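Some notes on the structure that comes next.
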Amino acid sequence: DWLLVFFILPIIAAGLVAMKNFTPLLNSGSYFNKQIIWVLIGFIVFFILSSIDFRFLKRTDVLVFIYISTSLILLSLFIFGHVASGAKSWFKFNFFSFQPVDMMKLVLVLVLAKYFSRRHVEIKNIKHIFISGFYAFVPFVLVLFQPDFGSAMIIFLIWLGMVLVSGISKTHFFLV
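Be aware that the sequence shown starts at 869, since it is given in the numbering used here, and climbs by one per residue.
Here it is as structure tokens:
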């Protein structure tokens, strides 16, 4: 999507200019250089992912597999995770680390979107609040016990936002 690239370039440029101007105050120019590398990596990933047809994510079996896999990755943090700022929420490799809860946020949006889109006719039923809540409760608990309260609240707010826009009865929602 060249229009997206066109609109993103000034934002990236402004960020790099701001970083270059403030790094002398911080006495380290390495942040600017690292940011350039990450921008290049981001563009490479952007163009690779833009060539993939993501309609396979509409299949329920694929989404269930991704959801369970991501939940197991979150569970494995308790064994293999790295503690940072008091939370065991990172996988740390030699010069690369990542937080799997970020993947779960995207997966949760996909799973809830699939769930609510399949039940658009019967969405007024109160049971859909509880079933969708279970999908969010599993990663919420796994993240809360790391303990990473901020990410757990984001998972809760993703569920809350998806429920509110899904068309569920507001009366049922406020009763719950």
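In this text, a Cβ means the ideal position worked out from N, Cα and C, and glycines have one as well.
Since the structure is predicted, the reported quantities are computational estimates derived from the model, not experimental observations.
Beta carbon of residue i nearer than 8 Å to that of residue j
i	j	result
Met1030	Phe984	yes
Leu925	Leu976	no
Ile999	His1040	no
Val969	Leu942	yes
Val1006	Ser1019	no
Phe964	Lys956	no
Nearest neighbour of residue i, chosen from the options [CA to CA]
i	options	result
Arg986	Met971, Ile1026, Gly1035 and Phe1024	Gly1035
Gln903	Ile912, Ser918, Met887 and Val913	Met887
Ile1023	Leu871, Val930, Ile905 and Tyr1003	Tyr1003
Enclosing beta strand (DSSP E) for residue i [first to last residue]
i	result
Phe911	Per DSSP, Phe911 belongs to no beta strand (DSSP E); it is in the alpha helix (DSSP H), Ser898 to Ser918.
Per-residue burial, residue i [other beta carbons within 10 Å of its own, 16 or more giving buried]
i	result
Ser937	exposed
Ser944	exposed
Phe922	exposed
Asp1016	buried
Leu917	exposed
Ile1026	buried
For residue i, the first and last residue of its enclosing alpha helix (DSSP H)
i	result
Lys1038	Lys1038 to Leu1043
Pro1007	Lys995 to Leu1012
Which residues DSSP lists as bridging residue i, in chain order
i	result
His950	Trp958
Ser965	Lys960
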